[in-house]
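Per this note's numbering, the sequence shown starts with residue 567, numbered consecutively.
Glycine included, each C-beta is placed from N, C-alpha and C at the ideal position.
Have a look at the structure below before the remarks.
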Amino acid sequence: MNDIGPTPLEARDAAEVHALIVANRAHLDRWLRWSASIRTLADVEAMIARFQRKLAAADGFHCGIRVGGALAGGVVCWYINRENRNAEVGYWLGADFTGRGLATEAARWAVARLFTAERLHRIELQCAVRNAASRAVARRLGFQEEGLRRESHWITDRFVDHVIYGILDREWTA
Ligand SMILES: CC(C)(COP(=O)(O)OP(=O)(O)OC[C@H]1O[C@@H](n2cnc3c(N)ncnc32)[C@H](O)[C@@H]1OP(=O)(O)O)[C@@H](O)C(=O)NCCC(=O)NCCS
567 MNDIGPTPLE ARDAAEVHAL IVANRAHLDR WLRWSASIRT LADVEAMIAR FQRKLAAADG
627 FHCGIRVGGA LAGGVVCWYI NRENRNAEVG YWLGADFTGR GLATEAARWA VARLFTAERL
687 HRIELQCAVR NAASRAVARR LGFQEEGLRR ESHWITDRFV DHVIYGILDR EWTA
């Protein structure tokens with residue numbers, strides 16, 4: 567998918583992340599729960615720092631997806647619940663980088679890492695009901711549709727229903 571696989575975002579990536587979000591404002595704010603609140607470079611730096619703390623605490627990550635060195639998007643693990651051995655992942659791409667399997671491959675990498683390195687039992691994904699592209703990624707990876715969470719997330723300017731997807735470790739290895 568890219569030269570070295572997704573790698574954790576660092577402070578030096580902030581300007582590139584900011585530029586990609588700004589250039590894809592409408593594309594991302596339509597479906598992401600966090601992009602609308604990212605306005606300034608300082609917002610991006612704070613977001614990256616928050617995920618670096620999560621990574622250090624083995625409680626999640628935000629990795630950049632790169633193509634030929636250029637930032638294409640990111641793959642996120644929002645948290646790792648050790649008690650129940652589960653986690654939630656997400657992904658995003660600049661519009662110019664869609665349609666080539668990058669999100670599917672990055673999510674596949676994240677899920678594999680969480681099942682193997684972190685020894686988790688279950689991974690979740692939540693997609694807005696009308697986010698067909700994101701739901702297709704979940705299906706491509708073998709996630710099962712488990713239910714509907716009514717108005718579960720505030721997306722930019724409205725509450726949006728989300729479909730919850732899940733996959734278990736035994737389903738992944740099968
Ligand atoms: C969700 C999002 C990342 C999906 O992007 P995407 O490009 O459709 O997903 P992928 O990168 O996995 O690419 C899949 C497409 O590439 C094609 N493709 C080409 N090579 C492929 C490969 N090796 N593997 C998988 N798909 C491949 C697929 O057929 C599919 O094309 P299609 O849309 O015409 O069916 C993107 O729409 C996005 O960033 N949206 C805004 C943010 C967002 O919604 N995030 C998710 C929140 S839940």
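- Taken in chain order, the whole alpha helix (DSSP H) runs of length 4 or more contained in the stretch 587-662 are 591-595, 607-622.
- Around the C-beta of Trp-600, 16 or more other C-beta atoms lie within 10 Å, and the residue is accordingly described as buried.
- The beta carbon of Gly-713 sits closer than 8 Å to the beta carbons of Val-729, Ile-730 from its chain, once the five residues preceding and following it are set aside; these are given in chain order.
- Under the DSSP definition of a beta bridge, Gly-667 lacks any partner.
- With a threshold of 16 other beta carbon atoms within 10 Å, Glu-671 meets it and is buried.
- Under the three-state reduction of DSSP output, Phe-709 falls in the coil class, being neither helix nor strand.
- Counting along the chain, no alpha helix (DSSP H) covers Arg-724; the unbroken beta strand (DSSP E) around it starts and ends at 724-734.
- Ligand 1 has no heavy atom closer than 7 Å to the beta-carbon of Gln-618.
- Short of 8 Å from the beta carbon of Thr-739, and not among the five residues preceding or following it, lie these beta carbons of its own chain, in chain order: Phe-681.
- Put simply, the stretch 641-658 touches the stretch 684-695. At least three CB pairs are less than 8 Å apart.
- For Arg-578, the closest C-alpha among the options Gly-571, Gln-618, Asp-595, Leu-707 is that of Gln-618.
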